[in-house]
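In the working numbering, the protein residues as written are -12 to 221. Cβ atoms here follow ideal geometry from the backbone N, Cα and C, with glycine treated the same way. All figures in this text were calculated on a predicted structure; none of them were measured in a lab. Structure, as structure tokens:
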Amino acid sequence: MDDFLRVRDLRKGYGEGGARIEVLEGIDIDIGAGELCALLGPSGSGKSTFLNLVGGLEQPDGGTIEVGGTSLTELSGRGLDEYRRDSLGFVFQFYNLVEDLTIRENIEVCAYLAGDPLDVDDLLCSLGLWEQRDKFPAQVSGGQQQRCSIGRALVKKPRLLLCDEPTGALDYETSKEILALIERVCRDHGCTTIIVTHNNAIGQMATRRLRLREGALVENEVNANPVPASELEW
Ligand SMILES: Nc1ncnc2c1ncn2[C@@H]1O[C@H](COP(=O)(O)OP(=O)(O)OP(=O)(O)O)[C@@H](O)[C@H]1O
Ligand SMILES: [Mg+2]
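In structure tokens:
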């Protein structure tokens, strides 16, 4: 399988002098197109930092990140904006919806920015949000809000889907629903996906399991027999 994401000697720290902390101390990862990866590790181990670097939201201190043959580290500010707009879907723990837009409008604004978006009505149906389409975020449940934020990420058919604790604010049943949705999207659209999570069980649904600890990648295992999200238990 061709590598879609190639990370070499990636380094990132924060602060100056004695207050300086090194978060990522030389990370190397290759991820094939269409893989569904779980990125595990204790709190503070740099999972979000890694995702933000790959998402072009932060700049590394050293090393390189290549996505689909493009070197992010060589892109200008404008090039990075285009990368985020055209290639990337980002799902956050706390949804990041626009409060005064309806569920449908939240997805539509992302569709407007895309070259060849998915059909918004079809997407609303497949997300199970058709009945909620004219409501505002505050009028729907947390799981429905997270489905909407996944819709915002997906409507542009991203080649790379990055999810930072997408079920961190959700109950058990809703979490499983959201994970099944991400699993289906990854399969149907072939997007390469990384899910950051504290939950080891989520690692079982992934085709590759990554684990960060103390600045290093301490696990990078291919999982030949992923468990369907609907069958996960924790
Ligand atoms: N903007 C920042 N300025 C200074 N320190 C930061 C910044 N962002 C992250 N850090 C520090 O970097 C380390 C890694 O943070 P990060 O958010 O990547 O961890 P994480 O693995 O995502 O943790 P969690 O599971 O709690 O979300 C932490 O010690 C954090 O305090
Ligand atoms: Mg985090």
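Quick one: residues in its chain with C-beta nearer than 7 Å to the C-beta of residue i, no 5 flanking neighbours on either side, listed in chain order?
i          : result
residue 11 : -3, -2, -1, 33, 36, 37, 202
residue 91 : 107, 111, 120, 121
residue 51 : -5, 58, 60
residue 83 : 136
Quickly, what does DSSP pair residue i with across the bridge? List them, please.
i           : result
residue 187 : Note: residue 187 sits in no beta bridge, so no partner.
residue 200 : 203
residue -10 : 19
residue -3  : 14
residue 208 : 196
residue 151 : 183
residue 27  : 198
Can you tell me whether DSSP reads residue i as helix, strand or coil?
i           : result
residue 74  : helix
residue 81  : coil
residue 175 : helix
residue 41  : helix
residue 89  : coil
residue 68  : helix
residue 113 : helix
residue 98  : helix
residue 156 : coil
residue 58  : strand
residue 138 : helix
residue 218 : helix
residue 50  : strand
residue 118 : helix
Looking at residue j and residue i, is the spacing between their C-beta atoms short of 8 Å?
i           : j           : result
residue 219 : residue 144 : no
residue 171 : residue 22  : no
residue 86  : residue 140 : no
residue 29  : residue 80  : no
residue 105 : residue 54  : no
residue 179 : residue 20  : yes
residue 129 : residue 167 : no
residue 27  : residue 212 : no
Can you name, in chain order, every residue of its own chain whose Cβ lies under 6 Å from the Cβ of residue i, other than the five neighbours on each side?
i           : result
residue 182 : 25, 150
Apart from the five residues just before and just after residue i, which ones in its own chain have a Cβ nearer than 8 Å to its Cβ?
i          : result
residue 48 : -2, -1, 0
Does any residue of chain D have a CB that is nearer than 8 Å to the CB of residue i?
i         : result
residue 3 : Of the protein chains in the structure, only one exists, and it is not chain D.
Validate contact between the region 71 to 80 and the region 41 to 51 using beta carbons, cut 8 Å, 3 pairs: Touching, yes, given that three or more Cβ pairs across the two stretches are closer than 8 Å.
Meets three-Cβ-pair contact criterion under 8 Å: the region 97 to 105 and the region 60 to 70: Between the region 97 to 105 and the region 60 to 70 there are fewer than three C-beta pairs closer than 8 Å, too few to call the two in contact.
Validate contact between the region 4 to 22 and the region 203 to 211 using beta carbons, cut 8 Å, 3 pairs: A contact between stretches requires three or more CB pairs, one per stretch, nearer than 8 Å, and the region 4 to 22 meets this requirement with the region 203 to 211.
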